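Below: the structure, in structure tokens.
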DNA sequence: AGCACGCCGACT
DNA sequence: GTCGGCGTGCTC
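Numbering (the numbering used here), first residue to last: 109 to 830.
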């Protein structure tokens, strides 16, 4: 059922429906007093008393091939999440709700019949001879050549010269987009070696997991393209996961360029699709018409039947983890799926997650390295700018200003990273020190000068900034610290002649905004691009020779055991944006902690050095990859009750836990209040997974002791614990 | 989730 | 004497 019920329910198959009910079919069934949508995960011929019958099987079934039923259930079991909710996440939206919001769209398709007759009308002759040439065509295709052809076609059908049929039409937003020219560079030596290993594994038709570790600009995409071509050649299919499609238009464009010929169909799944487009893409995949699926994390559930290759690009990205509801990690599920379907799984990254790198050293993943940038381009030189003891007027040091100035002089582009949205992270009363907090969340309100408001970045609460301090009545309320909006303003003041643009969640909301900014950068219409971590990802601008990181410390200082890893990875990624063209790049990182190991190793492009140092911290604390974590969050409106219940719940967990599982907490979450709810967390830690899963399987029983007004959320393998 | 049941206070 | 608040339990 698409309801949060922990178990699967059994229904009788009425004789009249028996030939339509298979694994993967969508069915309407009675549940209590209502009718709900469900999906068939298993079929049995055994007779059983007392089952309610399936009420209806719609025409658009089946939705997924039989072997995926087991995969979905495995995912549900691993994350201890109700199978129905898993299906709701996995399948396209709009088919499981009360109202059927999407449906099949039909279109007329015409074909010339075998008849020598010529019609009398000129228009009829014109269209018929065109159609005889083409053999068959959709109504819309004919309409594109001849204006309003429908009445003419109707007459031709009546005359028996043309046949028509209703066919299902796939809504495809990429259908009309122009395709770039395909460049097929020959493989470098590194790429050749990686490809040989991958193709051998593909030919073996067994599961094989790879970590493709290639510095930025080393040509990982070309490796993906070539392996996928080999898989298609062998009659198998490919699944490509990317962190966020909207941010990787260049990658999608290269796939479309390479596989544009009619024989291979690509489906692109992403959050920007309408429900109808998503539904159509899903159905086309389920019918076996699609050979390559490119998509964000939920594409890991796509109903491909003969998978040969799964690519997880930028595997270290946190966006592979769904942060609410069914909290799965698409990278981990991709490995699970690859094992079940005997596919080759490639995790690609310039900065692999510590966990994946560790798994490659342990032998679970085969390690492939691309050492060099293509065309022998050098990695940029990185300098750390120590801010300690300086007084700066704005956010930028003299070194940074000088570097920007000289880059402007020679006409090169610069990229500045500041991982903070808005104008300033908070407003401060100069007289009494008051700051302004979100009433729903334990966080200061970010000040947005352009819109004259203070906004919570977590719950979107917004309010006009006060002109007098509500605490002391003083009138000196000023922004403290800087976000991208303020940085953009500072730059405009320092470099009035420069063309400056900003890229963050606030400027990228309009449809096509991202595309426009990318093309402006590519065409050299921007001198300085300011942005949040968005600018660090997936973009390839050959004109950028200077990258500046304005506040490295904001990334380092999050209260999370992974903050060093995240900082190393983000800094390395953004540094890799410099010098991808003909001229070498340069990177400046401003920090108050220049000796931090993440910064030191990032500045030397030394992944292994970082790994060897960071892995010892993890080992000492039994954090991943040495221990496995589950984060339990108990939340509710009334803070007192939550604290009390969390305490009691923790005790009962402790009582069940046994020796191997450590139960830590309860502790207030770093975001103690979020969207009006008070939150406590309990962390479970274990060196092996089995005892952890045993404890979690007792959770439904333990949960019933919690008051129903409180919510318990469960996060297996959490990525952040805020 | 969504629906029914059941137990308490406030009203015609 | 009944209407409706929400805490609790169940759904093949």
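Glycine included, C-beta positions come from ideal geometry on N, C-alpha and C. Note that the coordinates shown come from a computational prediction; the quantities given were computed from them, not determined experimentally.
Check, Outcome
"Backbone CA spacing between residue 795 and residue 633 [nearest angstrom]", "53 Å"
"Coarse secondary structure for residue 434, derived from DSSP in three states", "coil"
"Which listed residue (135, 397 and 424) has its alpha carbon closest to that of residue 405", "424"
"Which of helix, strand or coil DSSP assigns to residue 665", "coil"
"Collapsed DSSP secondary structure at residue 424 in the structure displayed", "coil"
"Residue burial classification, residue 693 (beta-carbon count within 10 angstroms, cutoff 16)", "buried"
"Of the residues 364, 628, 470 and 793, the one placed nearest residue 736, counting alpha carbons only", "793"
"Residue 349 beta carbon less than 8 Å from that of residue 420", "yes"
"For residue 758, the three-state DSSP class (helix, strand or coil)", "helix"
"Run of the beta strand (DSSP E) containing residue 138, from where it starts to where it stops", "134-139"
"N-terminal and C-terminal residue of the alpha helix (DSSP H) that residue 794 is part of", "Premise fails: residue 794 lies in the beta strand (DSSP E), 785-794, not in any alpha helix (DSSP H)."
"Continuous beta strand (DSSP E) stretch holding residue 291: start and end", "Careful: residue 291 lies outside any beta strand (DSSP E) and carries neither H nor E."
"Inter-residue spacing [alpha-carbon to alpha-carbon] between residue 110 and residue 390", "18 Å"
"Residue 144 to residue 130 span [Cα, whole Å]", "18 Å"
"At least 3 beta-carbon pairs within less than 8 Å: the region 449-466 vs the region 723-740", "yes"
"Residue 769 - containing beta strand (DSSP E), residue span", "Unbroken run through residue 769: none, as it is neither H nor E."
"Neighbour-count burial assignment, residue 813, 16 or more Cβ in a 10 Å radius", "exposed"
"Segment limits, alpha helix (DSSP H) that includes residue 258", "258-266"
"Whether residue 511 touches residue 700 by CB criterion (8 Å)", "no"
"Other residues of its chain near residue 183: CB distance less than 7 Å, five sequence neighbours each side excluded", "194, 436 and 441"
"Beta strand (DSSP E) segments (min. 3 residues) lying fully within the region 343-426", "345-349, 374-377, 400-403 and 415-421"
"Integer Cβ distance of residue 456 from residue 328, believed to fall under 8 Å", "5 Å"
"Assigned exposure category for residue 580 - 16 Cβ within 10 Å defines buried", "exposed"
"Cα-Cα separation between residue 807 and residue 181, rounded to whole angstroms", "18 Å"
"Contact under 8 Å by Cβ, residue 698 with residue 672", "no"
"Inter-residue Cα distance where the pair is residue 729 and residue 657", "30 Å"
"For residue 170, the three-state DSSP class (helix, strand or coil)", "coil"
"Three-way DSSP call (helix, strand, coil) for residue 334 in this model", "helix"
"Distance between residue 800 and residue 789 (C-alpha atoms, nearest Å)", "16 Å"
"In DSSP terms, what residue 536 is bridged to", "543 and 586"
"Pairwise C-alpha distance: residue 252 and residue 332", "36 Å"
"Classification of residue 744 by the beta-carbon crowding that lies within 10 angstroms, buried from 16 upward", "buried"
"Endpoints, the alpha helix (DSSP H) within which residue 680 is located", "671-683"
"C-beta atoms of residue 606 and residue 636 nearer than 8 Å", "yes"
"Exposure label - residue 643; buried when at least 16 CB within 10 Å", "buried"
"C-alpha distance - residue 484 paired with residue 414, whole-angstrom precision", "38 Å"
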